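Residue numbers (this note's numbering), protein chains in the order written: chain A, 2 to 498; chain B, 113 to 454.
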Amino acid sequence: MNNILEMKQIEIEFPGVKALDKVDFSLRAGEVHSLLGENGAGKSTLIKCLTGVNKMDSGEILLDGNEIRPQDPGHAMTLGISTVFQEINLCPNLSVAENIFVGRQPMKHRQINWREINRRAEELLSGFGLEIDVTRPLSYYSTAIQQMVSIARAVDVQAKILILDEPTSSLDTGEVQLLFRVMRELKAKGMGIIFITHFLDQVYEISDRMTILRNGHLVGTYTVEELDRVSLVTMMIGKDFSGMFDMDRAEAAENSQAELEVSHIGVAGKVEDFSLTIKKGELVGFAGLLGSGRTETAEMLFGAVPSSRGSMKLEGHDVKIDSPGEALNNRMAFCPEDRKRDGIIGDLSIRENIILALQARRGFMKPLSLAEQNELADKYISLLGIATPDAEKKIGELSGGNQQKVILARWMATEPAVLILDEPTRGIDIGAKAEIQKLMLKMCADGTSVIFISSELDEIIRCSGKVVVMRDRKKVAELAGRECTQQKILEIIAGAA
Amino acid sequence: MSRIIRKLSNPMYIMIYATVGIFLAIYGAGAWAYGDRGFLTLRTFVNMFIDNAYYGISAVGMTMVLITGGIDLSVGAVASLTGMFIAYGTTILHIHPAVCIAFSLVVGVGLGLLMGWVIEYLNVPPFITTLTGMFLARGVCSLISRESINIQHSMIDSLAGWKIYFMHQVNGNWVKVKPIAFVNFNVILFLVMIVIGTFILQRTRFGRNIYAIGGNEQSARLMGLPVARTKILVYGFNGLCSVLAGLSYALYVKSGWNLSLQGAELDVITCAVIGGTLLTGGVGSMIGTLFGVLLKSIIPALITFNGHLLSWWGKIATGVLLLLFICIQGIVVSWSGRKRSA
Chain A
2 MNNILEMKQI EIEFPGVKAL DKVDFSLRAG EVHSLLGENG AGKSTLIKCL TGVNKMDSGE
62 ILLDGNEIRP QDPGHAMTLG ISTVFQEINL CPNLSVAENI FVGRQPMKHR QINWREINRR
122 AEELLSGFGL EIDVTRPLSY YSTAIQQMVS IARAVDVQAK ILILDEPTSS LDTGEVQLLF
182 RVMRELKAKG MGIIFITHFL DQVYEISDRM TILRNGHLVG TYTVEELDRV SLVTMMIGKD
242 FSGMFDMDRA EAAENSQAEL EVSHIGVAGK VEDFSLTIKK GELVGFAGLL GSGRTETAEM
302 LFGAVPSSRG SMKLEGHDVK IDSPGEALNN RMAFCPEDRK RDGIIGDLSI RENIILALQA
362 RRGFMKPLSL AEQNELADKY ISLLGIATPD AEKKIGELSG GNQQKVILAR WMATEPAVLI
422 LDEPTRGIDI GAKAEIQKLM LKMCADGTSV IFISSELDEI IRCSGKVVVM RDRKKVAELA
482 GRECTQQKIL EIIAGAA
Chain B
113 MSRIIRKLSN PMYIMIYATV GIFLAIYGAG AWAYGDRGFL TLRTFVNMFI DNAYYGISAV
173 GMTMVLITGG IDLSVGAVAS LTGMFIAYGT TILHIHPAVC IAFSLVVGVG LGLLMGWVIE
233 YLNVPPFITT LTGMFLARGV CSLISRESIN IQHSMIDSLA GWKIYFMHQV NGNWVKVKPI
293 AFVNFNVILF LVMIVIGTFI LQRTRFGRNI YAIGGNEQSA RLMGLPVART KILVYGFNGL
353 CSVLAGLSYA LYVKSGWNLS LQGAELDVIT CAVIGGTLLT GGVGSMIGTL FGVLLKSIIP
413 ALITFNGHLL SWWGKIATGV LLLLFICIQG IVVSWSGRKR SA
């Protein structure tokens, strides 16, 4: 089979980081080619380069053997490269039919032919198994339907190449099958499809070949038959492992009483049927790939995305946690993944950042006195070893590792019973990582139960008393003791066990 | 039958229903209260057009600007500047008014295009850009003259005096309806602009791009629509509407004054908003704007018929209407956010 698209030696550099380093990629007519990699691997950058959003520093793109240089998505579209982005890029105020045809409406007597637009839209969507009123505004319909409409638009522009960037993240199982049926039909017509997803099952179900990227480098291109799931996941995560599971810690936790018991909680379309028991002073690690539902589970436990079913028990009492405020009142704390966006308030001082959560829990009618604030801030600065001349320095001026310590201090100050940490060690240097891990363990020893989410398996195995493995928005395994090994976890993540 | 009901229940038409419904309700209330004093006559109805045509003409362009999600505060000043060009050019410099009007068109459209360019390429918010445009145009007005100038020219007189009377048949003879009702050049221009505006918005790709930009500008770019060109042309077209509104106002008052039409931009925006145009963009129509102009003009009409109320009550009533519409818009927006599957 001949390649319709070839990308050779693509290099893109962003300030301070090489986003793509001499990456090759090729696409054949009539194939579904999955593009795989963890966050920051360079998948999106490669796609943006192909659609003209990002300009490449060097390398060339050949479409049907001719060199092209897409200037913007509109230009890429005229070249025959259509993209369906993860977030729906349509206009909610226009009708369904118009969203498919805007910019290329059929004309009659130099006027827009609305009848033709509506007729063709109905025809196109019924081919996708959708029988809807195409004259209603797009915002009237569900996300899944909107996603289908954007695919219909992408397909109808006579594209040679269709890029689907995480199209399934908001679809349920039936809708995914519908999408796959459409993809197979397009494939049979000779279209080349680039498919990006976090769901490995879907990769193996629909793709012919896959290309794996890691940290901006090409790991390799393989057919689905060549590569089993464990090797695939190993290539994506790509770490040599060291670290042993600590048996003593697991046993210590075994003997204490249950702190948090959740059974069968879930939110439609996010996490399905999650149950877990965490003992007092236990550290539970959440392992899984990006998009496996780890963060969603944490948000659900904390009430940021309230669970619609199941029950929760805290220290043996039934609780209902519908909002983060409720969770705080029940002595839970959540340290989110995106430190810059959801964690620190850059213009406030270290002291102000530390007392934030405690003050919020006390309510603003009962302010902490300045003396109390200073005392708390000084205590945690020395306890956590935060490198700063004094507590009044702006947190934005600290290094990533120290910012993370301040956020830990913020939650430690509330003396939580359950602390949820989402990727607390991402993007900080190795020394700071080790210190954060030590702090987590110290908190556990003091009786706090910790949920620890991390993409780095060795870190999870080293710190946890119990490991929960997530895949495809489900808890698929709970491991402790001897079975808690790298190999075993990798196999479960890959879905091979 | 169910097909028609389904079509009519399309949420796209809610804002038009609201505008037309409220207009009919107020008109009905006026008819009930003052019907015996002539509120229901054709003359009263037509006068609402005659007295507000220049707002309406400007509102045609403003509606398009608002649909893109922008705003244009320069329209009153540009209209006033047009009046100054015509008055000063004709009366003081003795230039033919047609030349003055053509010159105004070049200046008005040029300023509109320039503001559109600044908004698109220099990323200056429309509010600031057009505020600057407003000060500029108003400043040039005062440079030309700080006194009111009467317009004296046969062409202007005949254009302003041109009328079509409404006639009806009595005993086989055509006679004027009593009380006398007529439409003038301004009303015809207003209605023609509404028709042109409707055609642009509903029947051309340019018009649909305007809606797409207002719906989601980022998406419009990713869909490959010519966002920059469309936005610049919209401000250019609005400049054209401002000049025509200025011409219409000059015919109405037959003079040019540097301080005329102060704050008119806000009245024009009000017309568009109570006509169902969403200030956040993406929603609006010319039919809605037509009824918006009527709604805004029916209030002073009612106060005149009442005869006791101070005219300032008109401002208060307009404010209440505007508030009401903004509330309706808020409800519609949050309501349409609710998703459903097929």
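Using N, Cα and C, we set each Cβ at its ideal position, and we do this for glycine too.
Just so it is clear, the structure is predicted and the values come from calculations on it, not from any experiment.
Between which residues of its own chain and Glu262/A is the CB-CB distance below 6 Å, once the five residues before and five after are set aside? Hits under 6 Å: Thr278 and Lys314.
Checklist entry - Using Cβ-Cβ distances below 9 Å, what residues of the segment 311 to 326 of chain B are close to chain A? => result If the cut-off is 9 Å between Cβ atoms, the segment 311 to 326 of chain B has Phe311, Gln314, Arg315, Thr316, Arg317, Gly319, Arg320, Asn321, Tyr323, Ala324, Ile325 and Gly326 near chain A.
Problem set entry | Inter-stretch contact (C-beta, 8 Å, three-pair minimum) for the segment 220 to 235 of chain B and the segment 273 to 284 of chain B | Too few Cβ pairs lie closer than 8 Å, so no.
Delimiting residues of the beta strand (DSSP E) encompassing Lys9/A: Note, Lys9/A: beta strand (DSSP E), Asn4 to Phe15.
**Study point:** Those runs of the beta strand (DSSP E) which lie wholly inside the segment 317 to 391 of chain A and span at least 3 residues
**Key:** Correct list: 318 to 320 and 333 to 336.
**Message:** Using a 10 Å radius around the Cβ and a threshold of 16 neighbouring Cβ atoms, would you call Thr174/A buried or exposed?
**Reply:** Burial call: exposed.
Give me the Cβ distance between Leu163/A and Ile194/A, rounded to the nearest whole Å; I'm assuming they're in contact under 8 Å.
-> About 5 Å; that satisfies the 8 Å criterion.
Problem set entry | Inter-residue Cα distance where the pair is Glu124/A and Phe196/A | Going by the C-alpha atoms only, they are around 25 Å apart.
*So does the segment 118 to 133 of chain A actually touch the segment 325 to 339 of chain B, counting three or more Cβ pairs closer than 8 Å?*
No, the segment 118 to 133 of chain A is not in contact with the segment 325 to 339 of chain B.
Worksheet item: CB Gln374/A to CB Ile346/A, shorter than 7 Å?
Response: Contact: no.
Next item on the list: Run down chain E in chain order and give the residues with a C-beta less than 7 Å from the C-beta of Arg118/B.
Entry: Among the protein chains in the structure shown, which are A and B, there is no chain E.
Problem set entry | Any C-beta of chain A under 7 Å from that of Met124/B | It does: the Cβ of Met124/B has a partner Cβ on chain A nearer than 7 Å.
**Message:** At the 7 Å Cβ level, is Arg137/A part of the contact set with chain B, yes or no?
**Reply:** With 7 Å as the cut-off, Arg137/A counts as an interface residue toward chain B.
- Query: Name the DSSP beta bridge partners of Gln112/A, please?
  - Reply: Lys109/A, per the DSSP bridge assignment.
Q.
Please return the same chain residues whose Cβ sits closer than 7 Å to the Cβ of Ser243/A, not counting the five positions on each side in sequence.
A. For Ser243/A, the predicted structure reports a pLDDT of 46, less than 50, and the residue's modelled location is therefore unreliable. The matter cannot be settled from this model.
Helix, strand or coil at Gln159/A according to DSSP, with G and I counted as helix: Shown here, Gln159/A sits in coil according to DSSP, grouped into three states, outside any helix or strand.
Name, going along the chain, the residues of the segment 107 to 119 of chain A whose beta-carbon falls closer than 7 Å to a beta-carbon of chain B. Those would be Gln112 and Ile113, in chain order.
Q. Taking Cβ to Cβ, would you say Val234/A is nearer than 7 Å to Ala495/A?
A. For the 7 Å CB-CB criterion, Val234/A and Ala495/A form a contact.
For this session: Could you pull out every residue in the same chain whose Cβ sits closer than 8 Å to the Cβ of Ile437/A, ignoring the five residues on either side in sequence?
Result: Contacts found: Gly402, Gln405, Lys406, Leu409, Pro425, Thr426 and Ile429.
So that I know if they touch, is there some Cβ in chain A lying closer than 7 Å to that of Asn328/B? Chain A contact via Cβ: present.
* Would you please verify whether the beta carbon of Val304/B is less than 7 Å from any beta carbon of chain A? => Answer no: the Cβ-Cβ gap between Val304/B and chain A never drops below 7 Å.
- Quick one: what does DSSP say Glu117/A is sitting in, helix, strand or coil? Note: Glu117/A maps to helix in three-state DSSP.
- Item | Start and end residues, beta strand (DSSP E) containing Thr175/B | First-last for Thr175/B: Leu154 to Ile179, but that is the alpha helix (DSSP H), not the beta strand (DSSP E).
For Ser409/B and Val187/B, which I take to be in contact (beta-carbon distance under 8 Å), what is that distance rounded to the nearest angstrom? Actually they are not in contact, since the Cβ atoms of Ser409/B and Val187/B sit about 18 Å apart, beyond 8 Å.
Taking Phe157/B as the reference, which of Cys439/B, Leu414/B, Leu434/B and Thr430/B has the closest Cα? Taking only the C-alpha atoms, the option nearest Phe157/B is Leu414/B.
Original post:
Roughly how many whole angstroms lie between the Cα atoms of Met127/B and Asn4/A?
Top reply: Roughly 52 Å between the two C-alpha positions.
* chain A contact for Gly336/B (CB, 7 Å cutoff) -> So, interface residue.
Three-state class that DSSP yields for Ala446/A in the structure shown
Of the three classes helix, strand and coil, the one that applies to Ala446/A here is helix, per DSSP.
Checklist entry - Quick one: is Gly75/A near chain B, going by C-beta distance under 7 Å? => result For Gly75/A, the answer is yes, since a Cβ of chain B falls inside 7 Å of its Cβ.
Report task. Quick one: list the residues of chain B neighbouring Leu91/A, beta-carbon separation under 7 Å, in chain order. Result -> Residues of chain B passing the Cβ test: Ser331.
Quiz prompt | Under 9 Å (Cβ pairs) to chain A, residues found in the segment 370 to 394 of chain B | solution = Against chain A - using a Cβ distance shorter than 9 Å - the residues of the segment 370 to 394 of chain B are Leu390, Gly393 and Gly394.
> Taking only beta-carbon atoms, is Gly81/A less than 7 Å away from chain B?
Replying inline: So, not an interface residue.
Practice task
Answer yes or no: the CB of Ile263/B versus the heavy atoms of the ligand FAD, is any distance below 6 Å?
Solution key: Judged by which ligands are present, the structure shown has none, so any question about the ligand FAD falls away.
Of all the CB atoms in chain B, is at least one closer than 7 Å to the CB of Met8/A?
False, the Cβ-Cβ gap to chain B never drops below 7 Å.
* Alpha carbon to alpha carbon, how far is Ile169/B from Ala137/B? -> For Ile169/B and Ala137/B, the distance between alpha carbons rounds to 25 Å.
Exercise. For Trp425/B, write down the residues that DSSP places opposite it in a beta bridge.
Key: DSSP, once it has assigned bridges, lists no residue as partnering Trp425/B.
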